[in-house]
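Engineer: Using full-length UniProt numbering, read the sequence shown as starting at 1 and increasing by one per residue.
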Amino acid sequence: MMRAARASAPGKVIIVGEHFVVRGSLAIVAAIGRRLRVTVRSGGKGIVLESSMLGRHSAPLPGQGAEAKVSPVLEPYIAVLRSLAARGYSVVPHTILVESSIPPRAGLGSSAASMVAYALSYSAMHGDPLSAEDLYSVAMEGEKIAHGKPSGVDVTIAVRGGVLAYRMGENPVDIRPGLTGVTLLVADTGVERRTRDVVEHVLSIADALGEASTHIYKAADLIAREALHAIEKGDAEGLGLMMNAAQGLLSSLGASSLEIETLVYRMRSAGALGAKLTGAGWGGCVIGLFKEGQVERGLEAVAESSSQAFTAPIAEEGARLEES
Numbered sequence: 001m002m003r004a005a006r007a008s009a010p011g012k013v014i015i016v017g018e019h020f021v022v023r024g025s026l027a028i029v030a031a032i033g034r035r036l037r038v039t040v041r042s043g044g045k046g047i048v049l050e051s052s053m054l055g056r057h058s059a060p061l062p063g064q065g066a067e068a069k070v071s072p073v074l075e076p077y078i079a080v081l082r083s084l085a086a087r088g089y090s091v092v093p094h095t096i097l098v099e100s101s102i103p104p105r106a107g108l109g110s111s112a113a114s115m116v117a118y119a120l121s122y123s124a125m126h127g128d129p130l131s132a133e134d135l136y137s138v139a140m141e142g143e144k145i146a147h148g149k150p151s152g153v154d155v156t157i158a159v160r161g162g163v164l165a166y167r168m169g170e171n172p173v174d175i176r177p178g179l180t181g182v183t184l185l186v187a188d189t190g191v192e193r194r195t196r197d198v199v200e201h202v203l204s205i206a207d208a209l210g211e212a213s214t215h216i217y218k219a220a221d222l223i224a225r226e227a228l229h230a231i232e233k234g235d236a237e238g239l240g241l242m243m244n245a246a247q248g249l250l251s252s253l254g255a256s257s258l259e260i261e262t263l264v265y266r267m268r269s270a271g272a273l274g275a276k277l278t279g280a281g282w283g284g285c286v287i288g289l290f291k292e293g294q295v296e297r298g299l300e301a302v303a304e305s306s307s308q309a310f311t312a313p314i315a316e317e318g319a320r321l322e323e324s
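#1: Let me know the secondary structure DSSP gives Ser101 once reduced to three states.
#2: Start and end of the alpha helix (DSSP H) containing His126?
#3: If you compare alpha carbons, which of Ala132, Ala139, Ser101 is closest to Ala119?
#4: Please report the straight-line C-alpha distance between Leu179 and Gln294, rounded to a whole angstrom.
#5: Within the same chain, show all residues whose beta-carbon is closer than 8 angstroms to that of Ala246, passing over the 5 residues directly before and after it, in chain order.
#6: When we look at the beta-carbon of Met125 and count the other beta-carbons within 10 Å, is it buried (16 or more) or exposed?
#7: Going by CA-CA distance only, name the one from Ser110, Ala212, Gly248, Ile96 that's closest to Gly33.
#8: Less than 8 angstroms separating the beta-carbons of Arg6 and Ser121?
#9: Does Leu258 pass the burial test, meaning 16 or more other C-beta atoms within 10 Å, or should it be called exposed?
#10: For my contact list, Val198 and Ala158 are in at a C-beta cut-off of 8 angstroms; report their separation, rounded to the angstrom.
#11: Where Pro129 and Glu200 are concerned, what is the direct C-alpha to C-alpha distance, given to the nearest angstrom?
#12: As a quick exercise: from Arg268, Glu322, Ala301, His215, pick the residue whose alpha carbon is nearest that of Arg23.
#13: Name, in chain order, the residues that DSSP records as bridge partners for Val173.
#14: Three or more C-beta pairs under 8 angstroms: does that hold for the region 261-269 against the region 175-194?
#15: Assuming Arg56 is part of the beta strand (DSSP E), what are its boundary residues?
#16: Any idea if Glu211 is buried or exposed, counting beta-carbon neighbours within 10 angstroms, 16 or more meaning buried?
#17: Using the C-alpha atoms, what's the distance from Asp154 back to Ala9?
#18: Using the Cα positions of Tyr136 and Arg105, report the straight-line distance between them to the nearest angstrom.
#19: When the Cβ atoms of the region 237-256 are set against those of the region 276-293, are three or more pairs found closer than 8 angstroms?
#20: Note down the Cα distance separating Glu75 from Gly142, rounded to an integer number of angstroms.
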């Protein structure tokens, strides 16, 4: 076993399909060029997490000190560790160092990237890096603790990278975008929220709407399919139109907020072809599709209403090992 190993995974934006994907609709998701890195170092006592964003947390190893209270921040990592142990990896004392350029709790997949990078680095430290399939399965155990009933889309894109068409229960399909001359702008509302809470709220609204929600979900699936065709054909205007329509449906199910809508309309007024929330909603981030010549105008438009804003180039590479 090596003393240490390091791995990273990309963040993501959901172009269309969040929430609806949980009940079988299509989602289009893209990895972005911001990454989260995890270094695992053997030694010490128990399991220790050190992160500038999440602070420092420690706990006994699974099976040792069963009565100890574990920080909720560490629980997903321990779930991943248990899954690794079930696959034959030895459980040893170690420290998890997390470095990230992905804003946390903002809908950009930082949780999934962390689970994926941790699972890959821990398995690599043992000299046997997980395959992509096993990496997905192990990381999902952590996401279940973090989010309740995740669709799997965040973990899939963190493992694979690129742009994917994703439907639960089916193999994801790689998309080769035909779009040129456009850029995704990401603006953070600065409002943090728990994904689990938003997902449960949206599902409760959908259930309360009864038969009407069936039509909303069907419309969301059709919008995602049209968005897929627009991406493949290089139709930026068509994609923007579908993004705007998707935002309306998300708002109808209670996923939006004043902060989100403010950024959406600031982007649109600055020339965005389409703008919508990405991720769970209630806060987090908004994405806008801009022609390259209008990106600066978009950045200026959201400056006063966002905690940070940046362009998001597509990351073709998913999870990877790095020099430790």
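Quick reminder that beta carbons are idealized off the backbone N, C-alpha and C, glycines included.
Structural biologist: Concretely, from the data shown:
#1: Ser101 falls in the coil class under three-state DSSP.
#2: Segment: none, His126 is in no alpha helix (DSSP H) and carries neither H nor E.
#3: Ala139
#4: 16 angstroms
#5: Val16, Gly17, Ala220, Ile223, Ala224, Ala227, Lys276
#6: buried
#7: Ser110
#8: yes
#9: Answer is exposed; the Cβ neighbour count stays below 16.
#10: The Cβ separation is near 20 angstroms, so there is no contact.
#11: Their Cα atoms are separated by approximately 35 angstroms.
#12: His215
#13: Ala165
#14: yes
#15: Run containing Arg56: 55-59, per the beta strand (DSSP E) assignment.
#16: exposed
#17: 11 angstroms
#18: 21 angstroms
#19: yes
#20: 8 angstroms
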